[in-house]
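**Q** FYI, the numbering for the sequence shown is 103 to 308, going by our numbering.
Think of the CB as a built atom: it goes at the ideal place given N, C-alpha and C, for glycine as much as any other residue.
One structure follows; several queries about it will come next.
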Amino acid sequence: MLILHAAFRASHEGFPLYLKKSERTVIVIKTAVARRYAQALFELLDVSGIEPTRVALTGLGQAIEESVELRHVVASPVFGAKDKIAVLTELGSRLGCPPIGKTFLAQLVEKNRVGFLPEIAEAFAKLADALKGTQPVTVFSATAIPPGEQEQISNRLRTVLKRQVEVTFHTDARYIAGMQIRLGSTVVDSTVLGRLQAMQSVLTKE
Numbered sequence: 103m104l105i106l107h108a109a110f111r112a113s114h115e116g117f118p119l120y121l122k123k124s125e126r127t128v129i130v131i132k133t134a135v136a137r138r139y140a141q142a143l144f145e146l147l148d149v150s151g152i153e154p155t156r157v158a159l160t161g162l163g164q165a166i167e168e169s170v171e172l173r174h175v176v177a178s179p180v181f182g183a184k185d186k187i188a189v190l191t192e193l194g195s196r197l198g199c200p201p202i203g204k205t206f207l208a209q210l211v212e213k214n215r216v217g218f219l220p221e222i223a224e225a226f227a228k229l230a231d232a233l234k235g236t237q238p239v240t241v242f243s244a245t246a247i248p249p250g251e252q253e254q255i256s257n258r259l260r261t262v263l264k265r266q267v268e269v270t271f272h273t274d275a276r277y278i279a280g281m282q283i284r285l286g287s288t289v290v291d292s293t294v295l296g297r298l299q300a301m302q303s304v305l306t307k308e
């Protein structure tokens, strides 16, 4: 079961410490661009369209992260802009994306920014959460967490934080075991990788 009373430690804007400086710079740039796109879309939508768009963007972002085939389609020059737009808008329709959201997807294709979709989805979700007072939380683990345990973790986070939470679960084998929880720039780390990094930090100071 998740240990929520682990010590909090600051991270570099929430980035894993194993990333090189150049990799962090790329992430900072992508995050800044994603925020601008997310803000532009957010301001175009009526309140009633925000949640459907959030759901659609989150689904598309996850699909791009998880599907090698989809990443190939949106990145390959073999497929033209019309084909890419058709694929993304069809997926968006299946996810309930409103018309403005689908127009936005087409613009991402035209501007060669489809690869930013996961970051745009995350930035848009934060704007939507701020509107309804929900705390976004990201949980990383080495292996997939079963749905039942995900619900337990979400419930425990609601109790500890005393507010509604929107929890996103990701897997990353580099964490080895345990879980890392990110709330903005704050991190609760019970992963083996986190403990190894903490140990390395102590040893290098001696």
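Taking 8 Å as the limit between beta carbons, can you name the residues of its chain near Ala225, skipping five residues before and five after?
**A** Taken in chain order, the residues that qualify are Thr133, Ala136, Arg137, Tyr139, Ala140, Gln141.
**Q** Rank Phe242, Ile247, Gly161, Ala223 by C-alpha distance to the C-alpha of Ser195 and give the top, closest one.
**A** Among Phe242, Ile247, Gly161, Ala223, the Cα nearest to that of Ser195 is on Gly161.
**Q** Does the beta-carbon distance from Pro249 to Glu167 come in below 7 Å?
**A** Not a contact, by the Cβ cut-off of 7 Å.
**Q** Return the first residue and the last residue of the beta strand (DSSP E) that Ser169 is part of.
**A** Element bounds for Ser169: n/a, residue is neither H nor E.
**Q** Return the bridge partner residues of Glu224 from the DSSP annotation.
**A** Answer is none; Glu224 lacks a bridge partner.
**Q** Can you list the beta strand (DSSP E) stretches of 3 or more residues lying completely in the segment 191-262, in chain order?
**A** Runs found: 237-243.
**Q** Spatial neighbours of Val267 within its chain, please: CB distance less than 8 Å, with the 5 preceding and 5 following residues excluded, ordered by chain position.
**A** Correct list, in chain order: Thr236, Gln237, Pro238, Val239, Ser256, Leu259, Arg260.
**Q** With distance defined between alpha-carbon atoms, name the residue in Glu251, Leu263, Ala230, Phe271 nearest to Ser243.
**A** Measuring from the Cα of Ser243, the nearest candidate turns out to be Phe271.
**Q** Report the three-state DSSP secondary structure of Ile309 (helix, strand or coil).
**A** With the chain covering 103 to 308 only, the question about residue 309 has no answer from this structure.
**Q** Return the CA-CA distance between Cys199 and Ala165, expressed in angstroms with no decimal places.
**A** Cα to Cα, Cys199 sits roughly 15 Å from Ala165.
**Q** Just reading off the beta strand (DSSP E) that Phe271 is part of, what are its end residues?
**A** Segment 267-273, the beta strand (DSSP E) holding Phe271.
**Q** Do Leu147 and Ile202 have their C-beta atoms closer together than 7 Å?
**A** The answer is yes: Cβ separation under 7 Å.
**Q** So, under 8 Å CB-CB, Leu229 and Phe144 are touching, yes? Tell me the CB distance rounded to an integer number of Å.
**A** So it is a contact: roughly 5 Å between Cβ atoms.
**Q** Work out the CA separation of Ile187 and Gly151 for me, nearest whole Å.
**A** Cα to Cα, Gly151 sits roughly 20 Å from Ile187.
**Q** For Leu143, which of helix, strand or coil comes out of DSSP?
**A** Of the three classes helix, strand and coil, the one that applies to Leu143 here is helix, per DSSP.
**Q** Looking only at its own chain, which residues have a Cβ that is under 6 Å from the Cβ of Val216, when we skip the five neighbours before and after it?
**A** Correct list, in chain order: Val176, Leu210.
**Q** Our contact map puts Phe241 next to Val269 with C-beta atoms below 8 Å; I'd like the distance itself, whole angstroms only.
**A** Strictly speaking, residue 241 in this sequence is Val, with Phe absent from that position. The Cβ separation is near 6 Å, so the contact holds.
**Q** The beta strand (DSSP E) spanning Val289 covers which residue range?
**A** Looking at the DSSP string, the run of the beta strand (DSSP E) that includes Val289 is 288-291.
**Q** Determine whether the beta carbon atoms of Leu207 and Leu190 lie at a separation below 7 Å.
**A** Yes, these two residues count as a Cβ contact at 7 Å.
**Q** What separation, rounded to the nearest whole angstrom, lies between the Cα atoms of Ser292 and Val157?
**A** In a straight line, the C-alpha of Ser292 is about 29 Å away from that of Val157.
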